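Q:
2 protein chains.
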Amino acid sequence: MKHNYVVIMAGGIGSRFWPYSRANKPKQFLDVLGTGRTLLQMTFDRFLAICPEENFYVVTNKRYYDLVKEQLPTLSGDQILLEPVGRNTAAAVAYPAFKIRKKDPKAVMVVAPSDHVVFKESLFTQNLNTAIKAASNSEKLITIGIVPTRPETGYGYIQYHSSPLKKVKKVKTFTEKPELELAQKFVESGDFVWNAGIFVWSVETIIAALYEHLTDLAVIFEEGEEFYHTPNEQRFINSAYAQCKSISIDYGIMEKASNVFMVKGTFDWSDLGSWDSLHEIKAKDEQENVVDAKAILYNTKNSYVKGPKDTLIVVQDLDGYLVTLSDNVVLICKKDAEKKFREFLHDARVKGEEFS
Amino acid sequence: MKHNYVVIMAGGIGSRFWPYSRANKPKQFLDVLGTGRTLLQMTFDRFLAICPEENFYVVTNKRYYDLVKEQLPTLSGDQILLEPVGRNTAAAVAYPAFKIRKKDPKAVMVVAPSDHVVFKESLFTQNLNTAIKAASNSEKLITIGIVPTRPETGYGYIQYHSSPLKKVKKVKTFTEKPELELAQKFVESGDFVWNAGIFVWSVETIIAALYEHLTDLAVIFEEGEEFYHTPNEQRFINSAYAQCKSISIDYGIMEKASNVFMVKGTFDWSDLGSWDSLHEIKAKDEQENVVDAKAILYNTKNSYVKGPKDTLIVVQDLDGYLVTLSDNVVLICKKDAEKKFREFLHDARVKGEEFS
């Protein structure tokens, strides 16, 4: 286990939980499920079963340093990687890959989002250990695939070679956010899993892939070799990021590399990508409403009502809506309007930074 | 004009503008139209054309004394009549009738609600002067009738003898809140007007009617003769109200008396009885929305959005709704749900007095 490393991606701003999540406190830093632990903290807890605490790294935007420090107080400053600007996931993978390699060339690195939820954690641990084992003694880029439960058009789909006897399956294709019709076919075929953004690879393998497919990026972060784990690391990173292009690890590497494999995630998973998905996993009343507020509902169903306890929310005659009051924003919209949230947030920001 | 008296009824708590209007600040004390003057103040202003300032009386609940004093600072304490408890309109008419008679037995008294709006005020003045003239030299109980513009089921209807040459028409019947079908017939017939709660009569005539139809009430307030306009008035009133039954002037007198007449109101009028009626008279955007808030609307029409300026309200996919945030209450309901507001307010009060 001592060569196991976990890199938690915690730099996202997100918009789909606005106005509950805000630019200065995105979703991963919120106790979305009301468990007493934030999504970032729950992610951290989940990986403690497979990785020593000193091998955790959190990649985030520099503006969230205090939030990470506060929520994960046992991490040292060296374990919190601060991006001066967001440059998508390829940079956020390359930076820790080179940094970790300097400390431990034999490292196997797990990359994971900070804002998803997992149920049946022991299965999660099993699946990750399977992937880690496979990644540590081969040149495999491994992704954890989630068995689709609906023709979701917001996710990436991974087609794999069906090899019933193998736990680690060869990947055929990556397809980003398909149209509904295609998504339906994917789900029906049984050959596809969702890309959950959880990756496992040795630093050696991922760095080789970076050199092959994203050479510029590899060269930029290789130059940091002398600065990682030193007081000059941040200064180097600030200038390195200024040169990075913005590209995702999926598009930059996973879709192009030939050594991509998949381990099925047998745990229950949600990316909490929308109020709708949160509604799905929360306790509901008889009319299928989730009420997380002091509220009175009349003839209202399939809705999500969320607000602070000192405000009364009265709702009549709504079906499938989100009603939320958070600080200085009231939002009433279709519960499944996730594709509109970017627009909501953009337009809100035009009205005033204080609303974003 | 020196025998003209105006009695403004300002004791109502109301519920139909909740949560904007609250138990501690009902609608008449709010600047509902955003003109800079509250409805009470606008009512006062409107009557200045027909009544000297010293002949105004405001009847209200004792809890609203400070609000009346603040909004109508030129009134003396003697002009603000404080009801210890609400006892409907018959008591609120009898009290000032006896009080005014003591000061001026020749008084003609106009009774008017404090929370309606009138446009074309010069016509209003004309109509009132017609009624005042008729009331001052005859034993007529006169009501101002509003020509119906829709089959409203929330109002009382007055049927009158069509006498084209007479400005003061004899009333045949009063019908409280008819069913829709009946209301439609009333409107079509052309023989009916709405009862707007604006009454004109000499104190002599109304007191005679009180003795005839509500004898107990007349006897109670007659006993105050020695106390009106003295420091002991309030003490007397407190005990008088304890003995009063709760009955409306319409039911107690107007529906029973044979000397009831009507002067048509030729002005434009709204009782602002609901958000829907307020929506009707306010400026609307192209999608027929009234927006009195910092708000962003997507695919929303026929709706009313009201909130404080420091809060952003984002609304998507609503048709015909009221969305309002006021202090510690958010209300989202059908814009025409006026009949539900009593229930909303009751249920809100169960959640906490601070929400009512």
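For the protein sequence lines, the chains are A and V, in the order given. Per our numbering, the first sequence runs over residues 86 to 441. Per our numbering, the second sequence runs over residues 86 to 441. No residue lacks a Cβ here, since even glycine has one placed at the ideal position from N, Cα and C. Remember, predicted model here, so these are calculated numbers, not experimental data.
Quick check on this structure: which residue in V:Val253, V:His201 and V:Leu265 has the alpha carbon closest to the alpha carbon of tyrosine 117 of chain V?
A: In the sequence on display, residue 117 of chain V carries valine and not tyrosine. Comparing Cα positions, the closest option is V:His201.
Q: Looking at C-alpha atoms only, which residue of A:Pro104, A:Gly162, A:Asp151 and A:Leu213 is the closest neighbour of glutamine 319 of chain A?
A: Closest by alpha carbon: A:Gly162.
Q: If the cut is a Cβ gap below 8 Å, which residues of chain A does lysine 436 of chain V touch?
A: In chain order: Lys379, Ile381 and Leu397.
Q: For valine 256 of chain V versus methionine 127 of chain V, is the C-beta distance shorter than 8 Å?
A: Against a cut-off of 8 Å, the Cβ pair of methionine 127 of chain V and valine 256 of chain V comes out as no contact.
Q: Any chance you could list the beta strand (DSSP E) runs of at least 3 consecutive residues sitting entirely within the segment 275 to 333 of chain V, in chain order?
A: Here the runs fully enclosed are 277 to 287.
Q: Write down the C-beta distance between alanine 134 of chain A and threonine 210 of chain A rounded to the nearest angstrom, noting that I regard them as a contact closer than 8 Å.
A: Right, the Cβ-Cβ distance comes to about 5 Å (below 8 Å), so this counts as a contact.
Q: So, under 8 Å CB-CB, alanine 219 of chain A and valine 91 of chain A are touching, yes? Tell me the CB distance rounded to an integer number of Å.
A: With a Cβ gap of about 17 Å, alanine 219 of chain A and valine 91 of chain A do not count as contacting.
Q: Take glycine 241 of chain V as the anchor and find which of V:Pro249, V:Asn222 and V:Lys262 has the nearest alpha-carbon.
A: Taking only the C-alpha atoms, the option nearest glycine 241 of chain V is V:Lys262.
Q: Is there a Cβ from chain A that is less than 8 Å from the Cβ of asparagine 109 of chain V?
A: Chain A contact via Cβ: absent.
Q: With a threshold of 8 Å, are at least 3 pairs of Cβ atoms found where one atom belongs to the segment 229 to 237 of chain V and the other to the segment 147 to 167 of chain V?
A: The segment 229 to 237 of chain V, when compared against the segment 147 to 167 of chain V, does not touch it at the 8 Å Cβ threshold.
Q: So, do the segment 170 to 178 of chain A and the segment 331 to 338 of chain A have three or more beta carbon pairs nearer to each other than 8 Å?
A: Yes, the segment 170 to 178 of chain A touches the segment 331 to 338 of chain A.
Q: For valine 195 of chain A and tyrosine 149 of chain A, I'd like the C-alpha separation in whole angstroms.
A: Distance between the alpha carbons of valine 195 of chain A and tyrosine 149 of chain A is about 22 Å.
Q: Comparing alpha-carbon positions, which option in A:Ser343, A:Trp286 and A:Ile322 lies nearest glutamate 297 of chain A?
A: Minimum Cα distance to glutamate 297 of chain A is reached at A:Ser343.
Q: Less than 8 Å between CB atoms is the rule here; does cysteine 136 of chain V satisfy it with respect to chain A?
A: Not one chain A Cβ lies under 8 Å of cysteine 136 of chain V.
Q: Using 8 Å as the limit for Cβ to Cβ distance, is asparagine 214 of chain V near chain A?
A: Chain A contact via Cβ: absent.
Q: Kindly say whether glycine 241 of chain V, judged by its beta-carbon, lies nearer than 8 Å to any beta-carbon of chain A.
A: Taking Cβ atoms only, chain A never reaches closer than 8 Å to glycine 241 of chain V, which makes this a no.
Q: Hey, does aspartate 402 of chain V have any beta-carbon neighbour from chain A nearer than 8 Å?
A: Aspartate 402 of chain V counts as touching chain A.
Q: Evaluate leucine 250 of chain V with the Cβ neighbour count: other Cβ atoms within 10 Å of its Cβ, from every protein chain shown; 16 or more gives buried, anything less gives exposed.
A: The residue in question, leucine 250 of chain V, is exposed, as its Cβ has fewer than 16 Cβ neighbours within 10 Å.
Q: At the 8 Å Cβ level, is isoleucine 98 of chain V part of the contact set with chain A, yes or no?
A: Chain A contact via Cβ: absent.
Q: Give a yes or no on whether the C-beta atoms belonging to aspartate 370 of chain A and cysteine 418 of chain V are separated by under 8 Å.
A: Against a cut-off of 8 Å, the Cβ pair of cysteine 418 of chain V and aspartate 370 of chain A comes out as no contact.
Q: Can you confirm whether phenylalanine 440 of chain V, when its beta carbon is compared against all beta carbons of chain A, has any partner nearer than 8 Å?
A: It does; some Cβ of chain A falls within 8 Å.
Q: Please work out which residues of its chain come closer than 7 Å, Cβ to Cβ, to lysine 147 of chain V, disregarding the five sequence neighbours upstream and downstream, and give them in chain order.
A: Excluding residues within five positions, the ones whose Cβ falls inside 7 Å are Leu167, Glu168 and Pro169.
Q: Is glutamine 49 of chain V helix, strand or coil when you go by DSSP?
A: In the structure displayed, chain V extends from 86 to 441; residue 49 of chain V sits before or after that span and is not available.
Q: Specify the secondary structure class of serine 247 of chain A as computed by DSSP and reduced to three states.
A: Here serine 247 of chain A sits in coil by DSSP.
Q: Could you check where the alpha helix (DSSP H) with glutamate 206 of chain A kicks off and where it finishes?
A: Run containing glutamate 206 of chain A: 206 to 221, per the alpha helix (DSSP H) assignment.
Q: For aspartate 377 of chain A, which beta-bridge partners are listed by DSSP?
A: The partner list for aspartate 377 of chain A (beta bridge, DSSP) reads A:Lys391.
Q: Using a C-beta to C-beta distance shorter than 8 Å, which residues of chain V count as neighbours of glycine 392 of chain A?
A: By Cβ distance, chain V contributes Val415.
Q: Starting from valine 442 of chain V, find everything on chain A with Cβ-Cβ shorter than 7 Å and list it in chain order.
A: This structure does not reach residue 442 of chain V, given that chain V is present from 86 up to 441, and the question cannot be answered.
Q: Let me check one thing: in DSSP terms, what residues is methionine 347 of chain A bridge-paired to?
A: Answer is A:Thr228 and A:Lys254.
Q: Is the Cβ-Cβ distance between lysine 252 of chain V and tyrosine 245 of chain V less than 8 Å?
A: Contact flag unset, no.
Q: Kindly indicate which three-state DSSP category isoleucine 398 of chain V falls into: helix, strand or coil?
A: Residue state, collapsed to three classes: strand.
Q: With valine 435 of chain A as the anchor, note down where its alpha helix (DSSP H) starts and where it stops.
A: 426 to 436 is the span of the alpha helix (DSSP H), which, as asked, contains valine 435 of chain A.
Q: Just curious, the alpha helix (DSSP H) that proline 181 of chain V is in, first and last residue?
A: Counting along the chain, the alpha helix (DSSP H) containing proline 181 of chain V begins and ends at 173 to 188.
Q: How far does the beta strand (DSSP E) with tyrosine 240 of chain V in it extend, from its first residue to its last?
A: Counting along the chain, tyrosine 240 of chain V falls outside any beta strand (DSSP E), and DSSP gives it neither H nor E.
Q: Looking at the strands, I want to know which residues DSSP matches up with glutamate 168 of chain A.
A: Glutamate 168 of chain A pairs with A:Asn146.
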